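Numbered per my numbering, the sequence shown spans residues 1 to 182. Read through the structure below, which is laid out as structure tokens, and then see the notes.
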Amino acid sequence: MTGCSTDTAKVKNVPFVDDGFLAEGTIDVKVDSSAYKITSLRDAMIRSAAMASMHSASGKNWYNVQYGTEEFRKRGDESWLSGLVPSVFKREHPYHESYHGTFCNMAGFAGVQYYRPWWRLGPPGPSDYIDVEYSFDSGGGGDFACDLLTDFVDSFAIVQPKFAVGDIELAEAVNVICKEHK
């Protein structure tokens with residue numbers, strides 16, 4: 001018996017809506033366990049797992065959502081000062097653009113089993129199988145809050161040096177909390 005690699009493959013640049021704005025994440029594909037004897041059967045099981053995930057992202061798993069993006073445009077030359085202000089000082093300003101999109105959910109697991117014709121004569125269960133786990137990584141997460149708290153503690157020591165002794169205890173508490181959530 002041979003098994004597939006348990007490394008994680010990544011499908012990058014997957015669009016999703018986060019807090020009303022379009023963002024990009026990553027789908028992580030990982031083989032939890034597998035066993036096969038023939039590579040053509042392995043390839044068929046991999047295709048079957050891919051088809052299962054594709055079909056799970058259809059039908060009732062589709063949904064419509066409204067989201068926004070920030071488009072940057074140069075400041076217009078409508079003002080009477082436009083001739084007096086050099087183009088270097090004309091800044092770009094964000095403008096909110098609203099869009100509608102269709103997104104989908106997909107399964108988090110696909111299991112494919114192959115039973116040989118004489119499977120009842122041998123040990124119970126499939127003779128060949130593959131178990132694939134899909135997970136979505138939005139790219140954000142808990143590190144932002146920990147980084148923000150750490151920066152606040154550091155800024156307290158700079159703004160009010162007399163609080164630096166108390167900030168050391170606060171910084172240790174923040175580090176303990178952030179290490180627990182990793």
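Using N, Cα and C, we set each Cβ at its ideal position, and we do this for glycine too. All values reported here derive from a predicted model rather than from experimental measurement.
Membership of Ile46 in any beta strand (DSSP E) is not indicated; the residue belongs instead to the alpha helix (DSSP H) covering 39 to 56.
DSSP places Lys60 outside any beta strand (DSSP E), giving it a letter other than H or E. By the Cβ-count criterion, Asp128 is buried, with 16 or more other Cβ atoms from all chains shown falling within 10 Å of its own Cβ. Beta-bridge analysis with DSSP links Tyr115 to no other residue. Linking Lys12 to Asp137 through their CA atoms gives a straight-line distance of about 10 Å. Under a 10 Å Cβ-count criterion, Tyr63 is classified as exposed, with fewer than 16 other Cβ atoms of the shown protein chains found around its own Cβ.
Tyr36: not part of any beta strand (DSSP E); DSSP gives it neither H nor E.
Val31 and Cys104 have their C-alpha atoms roughly 22 Å apart. Secondary-structure assignment with DSSP links Gly68 through a beta bridge to Phe21, Ser98.
Ala49 places its beta carbon less than 8 Å from that of Val132. One thing to note: Tyr134 has its Cβ no nearer than 8 Å to the Cβ of Val65.
Taking a C-beta distance under 8 Å as the contact criterion, Glu71 and Tyr95 qualify as a contact pair.
Within the same chain, Pro126, Tyr129 come within 7 Å of Gln113 by CB-CB distance, once the 5 residues on both sides are set aside. Residue environment analysis places Arg42 among the buried positions, since at least 16 neighbouring C-beta atoms fall within 10 angstroms of its C-beta. Residue pairing by DSSP places Asp7 in no beta bridge whatsoever. Cβ contact annotation for Ser34 (same chain, cutoff 6 Å, sequence separation greater than five): Gly3, Cys4, Ile130, in chain order.
Taking a contact as a CB-CB distance under 8 Å, the pair Ala52 and Ala9 does not count as one, their CB atoms being some 16 Å apart.
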